[in-house]
Amino acid sequence: MQIVASNKKANHNYVIDLKLNAGIVLTGPEVKSLRINTASIKESYIQEKKGELWLYNCYIKKYSASNNIENNPTREKKLLITKKELNKLLGSITKDGYSIVPLNLYFDKKGLAKMTIGLGKGKKLFDKRATKKDKEWGIKKQRLLKNK
């Protein structure tokens with residue numbers, strides 16, 4: 009698995025409850041551009057439109073050797089998941105107040121572009137502080153155990 013882009017802020021801003029792998033519909037030059045690691049999903053988000061999931065604001069740089077004049081680097085891209093997973097996600101969004109967050113963009117073993125998406129709830133400021141405190145304590149604990 010070759011990771012192309014990751015959203016490091018997702019775990020900071022959300023409590024991720026469920027992770028799923030989804031296919032992503034791309035054009036040829038976009039795939040070639042991804043192969044040379046020219047993508048960013050830091051500010052991207054996922055929304056439901058007409059019973060399908062769409063990825064917005066995902067930046068994929070224009071492939072230099074492409075003759076495609078009409079290249080929009082942040083065009084919306086369709087995500088491919090099963091109907092059962094889609095119904096589960098949509099139910100959680102409407103009923104429980106969850107958000108769908110893109111986590112990783114990668115190539116699988118077959119060479120297909122995939123995205124790991126997470127179902128998460130937004131953290132409050134005190135939750136972020138508690139997470140940071142626990143992380144710092146874990147580091148301190150490891151140092152203490154190492155020095156003994």
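In this note's numbering, the protein residues as written are 9 to 156. Where a beta carbon is used, it is the ideal one built from N, C-alpha and C, also for glycine. Nothing here was measured: the structure is a model prediction, and the numbers come from that model.
Sorting Lys57, Ile108, Ala73 and Trp62 by C-alpha distance to the C-alpha of lysine 27 places Ile108 at the top. In the displayed model, isoleucine 108 falls within a strand according to three-state DSSP. The region 20–101 is shown to contain whole alpha helix (DSSP H) runs of 4 or more residues at 36–43, in chain order. Taking C-alpha positions only, asparagine 19 is separated from serine 74 by approximately 35 Å.
Leucine 152: member of the alpha helix (DSSP H) spanning 133–155, first to last residue. If you draw a 10 Å sphere on the C-beta of methionine 123, you find 16 or more other C-beta atoms in it, and that means buried.
Annotation for leucine 127: the continuous beta strand (DSSP E) segment containing it runs 121–130.
Contact between leucine 113 and isoleucine 49 holds: their C-beta atoms lie close to 6 Å from each other, under 8 Å. Residue burial annotation: alanine 138 is exposed, with fewer than 16 other C-beta atoms found within 10 angstroms of its C-beta. If you check the CB distance, serine 41 and lysine 69 come in under 9 Å. At least 9 Å separates the beta-carbon of leucine 61 from that of leucine 120. Contact between tyrosine 106 and leucine 133 is absent: CB atoms are separated by about 19 Å, not below the 8 Å threshold. No Cβ-Cβ contact shorter than 9 Å links lysine 86 with isoleucine 125.
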